[in-house]
Amino acid sequence: MAATPPQILAIDLGTSGMKAALVAADGTVTGWAERPVPLRLLPGGGAEQDPLAWWTALGQVAGELGRAHPEQMRAVGAVCASTQGEGTIAVDAAGEPLTHCISWLDMRGAPHLRRQFGGFPAYQGMSVRRIARWLRLTGGMPSPTGKDPAAHMLLVRDTMPQVYARTAAFLNVLDWINLKLTGRVVATVDSILTSWVTDNRRPGHIRYSPALVADCGIDRDKLPPIVACTDVIGTLTPAAATHLGLPGSVQVVAGAIDNTAAAIGAGTTGDNEPHLYVGTSSWIAAHVPRKKTDVAAGIASVPCAIGDRYLMTALQATAGANLTWLRDKIVEYDDPLLGAGHVSRDEGTIFDAFDTIIPTVPPGANGVLYTPWLYGERAPVDDANLRAGFLNISLDTNRSDLLRAVFEGVALNTRWLTGAVDRFLGAPVTSMAITGGGALSDSWCQIFADVLGVEIRRDAQPIAVNARGAGWIGAVGTGQLAFADIPALMRTDRVFTPTPAHRATYDEIFQTYRELHKRLAPVYRRLNRPARLHREP
């Protein structure tokens, strides 16, 4: 019997919960375990998760993998994580969390951001002089919505002064997981990005900018040291080894936030090779050789796992979240779709159910349109006030029409995004890899191909993309392969090509979609003034 190849325990911590898998250097994913972790929405735009619940869930999924795949678990030589990004946890000198994680969905820091960085002349409440410096040094700027650590840290400083005084470090989600694994406080080149305090002009030498740190309003000693995604940052602490059921000699590779890891896991490690990730949120990303920013579209190339490259990322705030909302809050308690979606919390199950319905409705959803802005938008417009909506419903409209309209609405928003991506990359995208849980749907993949007018190549294991990316980053960090080896290891299970007969239909709908944004954006600004944004669920 052949010996079991070395394995990476790949952690995949998303907004919906904790997942883990065993990944070999050739990309083989053995085993999969997951546990949900709740997200709590708070008044005033708050969104939080309990980091201790993450750690508990990690122990549970590691234990499940060990019981199901003992040989592969014994072959684990390294641990590497991919996590949601743009969350913030204040920890004390002992590494204990002083706050819940302030999630990437949390907008409570927006007014504190404006107070810290205001000035005349201003753009979206922030000094134009400061914005110019951010763009020159970092490639981006804090989101005016307050959804990133630059605003989260100010929220803690201004509204929780006692917590701020006790804070030894502000950590992103990935950084906190690495702290629990190794006892070491570090940030990766990508996890630190949205604190907006780094000089990113040399991809192999990402460092703090003294000027940005001095201006950020946060004490310098509360910002962690920066490491590369492929750095080995230590071995498991005795407590972490016991928690995971692994030897203390297992190495920990720094890892990456989700969009960075997905760009590796999708096999798109060459220049200007885009992939579309469709999960709770969605993005188009591609590795590029140069630092660049499209201010109008909110797209930038930023530090990533490949040390001499940047990653262009264009983020759509909610994609699969629209289907989760439809399943959990619209369908009736005894609806077959609800039962299908809750058999095992497996995203594939609900897509199997949806895929039986979507083909029964013609392209264009019998005239129904849907705007997928459930929680505002990030790109190609950064607007926290936008909201989702169905339009053109009549007495003839049925649930199947609404369902297809949701699928099409996400794809139409992605088409809006691809226009900016084409300009950024300097050439139209003609073929794109698709991955993430949304890629499990044959119908959605075909809708993306038809709406975007490009070839869509589906990842053979789309749910495993982040774990596979973490595994490959871990394998590179421990010397088992190089990033250039990865494209040849990638597996595609199906290619979806555009249907010519649908082109004119979607071209016309897309023009209407753009007009809807133009006309509705002022209405949403009036409806969603800060005092009205959120209520306790």
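Residue 351 in the UniProt record's numbering sits at position 351 of the sequence shown, with consecutive numbering throughout. Quick reminder that beta carbons are idealized off the backbone N, C-alpha and C, glycines included.
| Item | Value |
| --- | --- |
| Start and end residues, beta strand (DSSP E) containing H517 | No beta strand (DSSP E) holds H517; the alpha helix (DSSP H) holding it covers 503–527. |
| Start-to-end residues for the beta strand (DSSP E) that takes in H275 | 275–278 |
| Cutoff 7 Å; reference M141; Cβ partners in own chain excluding five residues on either side | I131, W134, L135, W196 |
| Per-residue burial, G298 [other beta carbons within 10 Å of its own, 16 or more giving buried] | buried |
| Distance, Q162 Cα to G438 Cα | 42 Å |
| Secondary structure of W32, DSSP reduced to three states | strand |
| Identified DSSP bridge partners for L13 | M18, T83 |
| Distance between I177 and N398 (C-alpha atoms, nearest Å) | 45 Å |
| Proximity of A305 and A256 at Cβ, strictly below 7 Å | yes |
| Unbroken beta strand (DSSP E) run spanning T318, endpoints | Where T318 is concerned, there is no enclosing beta strand (DSSP E), given that its DSSP letter is neither H nor E. |
| Cross-strand partners of C445 (DSSP beta bridge) | In the DSSP output, where bridge partners are listed per residue, C445 has none listed. |
| C-alpha distance - I89 paired with G419, whole-angstrom precision | 36 Å |
| Segment contact, 8 Å Cβ cut-off, at least three pairs: the segment 149–168 with the segment 218–229 | yes |
| R491, buried or exposed, once every other Cβ within 10 Å from all chains shown has been counted against 16 | exposed |
| Cβ-based neighbour list, D383, same chain, cut-off 7 Å, excluding 5 preceding and 5 following | G376, E377, A521 |
| Cα-Cα separation, residue 539 to D215 | It is not possible to answer for residue 539, since the shown part of the chain is limited to 1 through 537. |
| Distance, V250 Cα to T182 Cα | 10 Å |
| Cβ distance (whole Å) where A62 is taken to contact R35 below 8 Å | With 8 Å as the limit, A62 and R35 do not qualify as a contact, their Cβ atoms being about 11 Å apart. |
| G27 and H69 closer than 7 Å at C-beta | no |
| For T230 and A254, the rounded distance between their alpha carbons | 6 Å |
| Beta-carbon proximity list for R514, same chain, < 6 Å, skipping 5 on both sides | none |
| Candidates D450, V523, Y277, T371: closest to L440 by CA position | Y277 |
| Alpha carbon of G66 to alpha carbon of T356, nearest angstrom | 36 Å |
| Reduced DSSP category for F390 - H, G, I as helix; E, B as strand; rest coil | strand |
| Closest Cα partner of T99 within the set L516, G85, G320, M160 | M160 |
| Distance between L326 and E332 (C-alpha atoms, nearest Å) | Unreliable placement is indicated for E332, whose pLDDT of 48 sits below 50; no coordinate value is reported for it. |
| Within 7 Å, strictly: CB atoms of A285 and N466 | no |
| For V465, the three-state DSSP class (helix, strand or coil) | helix |
| Residues of its chain near D12, where Cβ-Cβ distance is below 6 Å and the 5 sequence neighbours each way are ignored | K19, S82, N466, A467 |
| Those residues which DSSP pairs with W283 across a bridge | Y277, L315 |
| M126, DSSP secondary structure in three states | strand |
| Contact check, T396 vs A365, beta carbons under 7 Å | Reading off the sequence, residue 396 comes out as Asp, not Thr. Their beta carbons are not under 7 Å apart, which means D396 does not touch A365 by this criterion. |
| beta-carbon D190 near the ligand GTP non-hydrogen atom, thresh 6 Å | Only the bare structure without any ligand can be found here, which leaves the ligand GTP out of the picture. |
| Minimum C-alpha distance to A78 - residue among I434, M126, A24 | A24 |
| Per-residue DSSP class, three states only, for D493 | strand |
| Own chain, CB closer than 8 Å to F390, minus 5 neighbours either side, in chain order | V368, L369, Y370, L402, A405 |
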